[in-house]
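Working notes for the structure below.
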Amino acid sequence: MQTEIKFAGFGGQGILLSAKLLAYAAMKQDFFVAWVPSYGPEMRGGTAYCTVVISDKKIGSPIIKNPSHLVAMNRPSLEKFANDVKPGGVIFINSSLIPTRSERDDITELVVPVNDIAIKAGSIRAANIVALSAFAAKAKIVDLQLLKNCVKDEFAAKAKIIPLNMKAFDEGVNIANNS
Amino acid sequence: MAKVLMKGNEAIGEAAIRAGCKNYFAYPITPQSEVAEYLAKRMPEVDGVFLQGESEVAVGYMIFGAAACGERVMTTSSSPGVSLMSEAISYIAAAQCPAVFVNIMRGGPGLGGILPSQGDYFQATKGGGHGDYHLLVLAPDGVQEAVEMTMKAFGLAEKYRGPVMILGDGLIGQMMEPVEFPDDLNTEPSNKNDWATSGMDTRKSDKRNLVRSLFLDPKELNDNNLALKAKYEQMKKEEVLYEGYNTDTDYKVLIVSYGTMSRVCKTSIDMMKQEGIDVGLLRPKSLFPFPEKAVFKAATKESCKSVISIEMSMGQMVEDVERCVKGQRKVDFYGECGGDIPTPEKIIEIIKALL
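From first to last, the protein sequence lines are chains L and C.
Every number in the working numbering is 44 more than the matching position in the first sequence, counting from 1.
Every number in the working numbering is 4 more than the matching position in the second sequence, counting from 1.
Written out as C-alpha cells, the structure reads:
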C-alpha cells in the first residue's frame, strides 16, 4: 500500500516543513518514506511544492504524477494540481486564499480557512501546521498524537513558539473532525 | 542506531564525518550546496576543516594537497563544477592519491539546468580529465545507498590509492529518506607511511616520499600507467556491484538503468507485472568497473529478446551496454535530459513498444 501526498503553495508558507513533518511521523511508524521537493530557480513568493511518499514496502519511483492527496495552500496550486489527484483522495483547500473549489465529485474536499485560524491562534506563521493537522485528521495516514509530537520536536530549539503550534495543531484537528 | 530523516546532500556530509573524513573543500553549486552548508557546521565539531575554495579549480588542488599528505579528504560538486576539477582529478589519479569526489549531477552541457540528470556518465567513467586513467565510480539509487557508498569510498580510495567518485543526481541530493549510518563501514585509514608526504618526523622514517604526476622519462611514465592499469584490472575483479530486479522470471525485455532512473523502472516493472508482463532490470551500482559479465548474462537469457538502456541522458551508458551485449541482442535506448524525470507510465509505454 502506497500513499502519496502533494503539498503545494507559495514560498514562505511552510510547505516543505509540513511535508517533512508528515514524512517524519510516518517514518516513526516504520513506513518507508520519501520527501521529494520541487527545487528550481525560485525565490520567496514563488511556487513551492513537495511530495511525500509513504509506503509499507521499499519505494520505487519517488516521482509521482498522480498523488493520492493534495494540500493546496494557494489558488495556483489548486488550479495546477487538482485534476492530478487520484479518485478517492482528499483535496485540502486553504479557503483563506482560495475562493474556488476543485469541481471534482470523485474526491473528498476539505475546505479550511487556515490563515484565519492561525491568526486567531496567535500567528499566521502557524497556518501550515493548521493545514497539516486538519489534513492528517481527515486523510488518516498517520497517528495524530505521534504527528503532534513530531511538530513539538521540530520546534524544540524555539520553545516559545511550541504553545502556538500546539494550539494551531488542535484547531486544525477540530475543524477537520467537524466538517 | 535509529533511523533519521535526512536530505541526500546532508546525509552524504554526515557519512563523510562518520567515515573519519576531516577535510572537506568545496565551492557551492546547486543542487549539492547543502553538503557544504551541513559540513560548514559539522566539520568544526569534529576538529575537521571545511574550506570554501575560490573556485572549483582551486578546490581540486586543495583535495590533491590533502590527499598527498595522506589525509581523508572529500569534495562535492555538480556537473559544471566537476568539469573545472577535472584537471586536478587527472593529476590525483596520476600521482596515485586517495580522494573522494561526489558529483550530484545536473543537466548539461554548459550551465545546463539545475534539475536532475545523468549526463555526466561519460565524464565519470571515461575520463573527464586527460590521460589514461579511470575513477572508481559508484552510483547510489537513494539516500541510504548514498550514505553507504560514501562511507565505503574512503576505504576504496585508499585500497587503490586513487580517486573514487560517487555519481548521484539532483534528486538524490534534494530528496529526504530515512537513513542509518552503519558503524561497520567506518574503516581505519590504511598505513600511508610508504607514500604520503606527511613529513618525515611524523612517520619516524628516513625514507623520502615524493608525490608527483610528471614523469619525463618515457619508461617511468609507461611504468606508472601500467601500475594504474593493473589497479583498474583489479577493480574489475573485485569491485563490480550490481543488482538484478525481477530477473528470475522469463522476461522478454531487459532494462539496464542506474541511480534515480532505475527506481522509476522498478515501479514500471511492478506495474507491468500486475498485467502479467515480466520485464527484468539490471542495475549497475558500480559504473566503473561496469558489470560487464552480469549484463551479458542477463541479456542473453533465453527468454530475453531485447535490451534497453534507460537513462536521464541522451544515451551514454548504452554504449557500455552495447559493448557488453556483444551483438547478441538488439540494444535500444530511451532517455530524457531536460530535468523532468520520465514517469513510470512513460517507461511502460516505451517497453510495450518493444514487446
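The beta-carbon is built from N, C-alpha and C at its ideal position, and this holds for glycine as well.
Only a predicted model underlies this, so the values are computations on that prediction, with no experimental measurement involved.
Residue i: contacting residues in chain C (beta-carbon distance under 7 Å)
i	result
PRO111/L	Within chain C, no residue comes near PRO111/L; the closest Cβ sits about 12 Å away, beyond 7 Å.
TYR68/L	LEU9
VAL195/L	Correct list: empty, because the minimum Cβ distance to chain C is about 14 Å.
THR200/L	Note on identity: in this sequence residue 200/L is Ala, with Thr being the wrong assignment. Here the premise fails: no neighbours, minimum Cβ distance about 15 Å.
VAL134/L	Those do not exist, as VAL134/L stays about 22 Å from chain C at its closest Cβ, beyond 7 Å.
Cβ-Cβ distance between residue i and residue j below 8 Å
i	j	result
PRO182/C	LEU9/C	yes
LEU379/C	ALA298/C	Because chain C here runs from 5 to 359, residue 379/C falls outside it and cannot be looked at.
LEU200/C	GLY74/C	Note that residue 200/C is Ala in the sequence shown here, rather than Leu. Yes, these two residues count as a Cβ contact at 8 Å.
MET89/C	VAL63/C	yes
GLN178/C	GLY12/C	yes
ASN190/C	ALA15/C	no
VAL141/C	SER290/C	yes
ASN118/L	PHE179/L	no
GLN57/L	ASN209/L	no
ALA92/C	ILE67/C	yes
SER194/C	GLU162/C	yes
GLY263/C	ILE345/C	no
THR251/C	PRO348/C	no
ALA52/L	TYR83/L	no
ILE351/C	VAL268/C	yes
ILE49/L	LEU66/L	yes
VAL134/L	HIS113/L	yes
GLY104/L	ASP282/C	no
TYR246/C	PRO288/C	yes
ASP136/C	VAL86/C	no
PRO293/C	LYS240/C	yes
ALA181/L	GLY216/L	yes
LEU119/C	PRO84/C	no
Contacts that residue i makes with chain L (C-beta to C-beta distance below 8 Å)
i	result
LYS7/C	MET71
THR347/C	SER105, ILE107 and LYS109
Separation of residue j from residue i, as counted between CA atoms
i	j	result
PHE75/L	ASN229/C	50 Å
ALA220/L	ASN127/L	22 Å
ALA150/C	GLU296/C	23 Å
SER177/L	LYS7/C	24 Å
ASN218/L	GLN148/C	38 Å
ASP187/C	ILE21/C	12 Å
GLU153/L	PHE125/L	14 Å
SER121/C	GLY132/C	17 Å
GLU243/C	ASP214/L	54 Å
LYS204/L	LYS196/L	11 Å
PRO32/C	TYR68/L	28 Å
MET180/C	TRP79/L	5 Å
THR129/C	ASN159/L	52 Å
ASP51/C	LEU225/C	39 Å
PHE255/C	THR34/C	Inspection of the sequence shows that residue 255/C is occupied by Tyr rather than by Phe. Answer to the nearest angstrom: the Cα atoms are 39 Å apart.
VAL446/C	ALA103/C	Only positions 5 to 359 of chain C appear in the structure, and residue 446/C is not among them; the question remains open.
LEU60/L	ARG169/L	14 Å
SER121/L	ILE354/C	30 Å
GLY174/C	GLU38/C	11 Å
ILE312/C	ALA357/C	11 Å
ASP324/C	SER261/C	12 Å
MET155/C	THR144/L	50 Å
GLU279/C	ASN222/L	42 Å
ASP145/C	ALA71/C	28 Å
ASP187/L	VAL77/L	15 Å
GLY203/C	VAL61/C	26 Å
GLN320/C	SER81/C	21 Å
TYR164/C	ILE185/L	48 Å
LYS164/L	ALA19/C	44 Å
ALA157/C	ASN138/L	47 Å
ALA175/L	PHE136/L	8 Å
ALA183/L	VAL329/C	49 Å
SER167/L	GLY69/C	52 Å
Any non-hydrogen atom of the ligand ZN within 7 Å of residue i CB
i	result
SER94/C	With respect to small molecules bound, the structure shown includes none, and the ligand ZN cannot be examined in it.
Interface residues of chain L facing residue i [CB-CB closer than 7 Å]
i	result
LYS35/C	One detail in the question is off: residue 35/C reads as Pro in this sequence, not Lys. What PRO35/C touches in chain L: TYR83.
Chain-ordered chain C contacts of residue i [CB-CB under 9 Å]
i	result
LYS64/L	LEU9 and MET180
VAL80/L	LEU175, GLN178, MET179 and MET180
VAL77/L	LEU9, MET180, GLU181 and PRO182
Practice problem: Any chance you could list the beta strand (DSSP E) runs of at least 3 consecutive residues sitting entirely within the stretch 65-91 of chain C, in chain order? | Solution: Fully enclosed beta strand (DSSP E) runs of 3 or longer: 77-81.
Quiz item: What residues in the stretch 265-281 of chain C bring their beta carbon closer than 7 Å to a beta carbon of chain L?
Solution: Cβ contacts with chain L come from ARG267, VAL268, LYS270, THR271 and ASP274.
Quiz item: In chain order, which alpha helix (DSSP H) runs of at least 4 residues are fully inside the stretch 126-203 of chain C?
Solution: 147-163 and 174-178, all fully within the stretch 126-203 of chain C.
Exercise. Report the residues of the stretch 168-190 of chain C with a CB closer than 8 Å to any CB of chain L, ordered along the chain.
Key: The residues in question are GLY174, LEU175, GLN178, MET179, MET180, GLU181 and PRO182.
Quiz item: Enumerated in chain order, which unbroken segments of the beta strand (DSSP E) with a length of 3 residues or greater are wholly contained in the stretch 77-154 of chain L?
Solution: As far as the stretch 77-154 of chain L is concerned, its whole beta strand (DSSP E) runs of at least 3 residues are 91-99, 113-116 and 134-138.
Quiz item: Which full runs of the alpha helix (DSSP H) of 4+ residues lie inside the stretch 43-68 of chain C, going along the chain?
Solution: List check, alpha helix (DSSP H) in window: nothing returned.
Quiz item: Unbroken beta strand (DSSP E) runs of length 3 or more, entirely within the stretch 258-304 of chain C: which are they?
Solution: Contiguous beta strand (DSSP E) elements confined to the stretch 258-304 of chain C occur at 283-288 and 290-292, taking only those with 3 or more residues.
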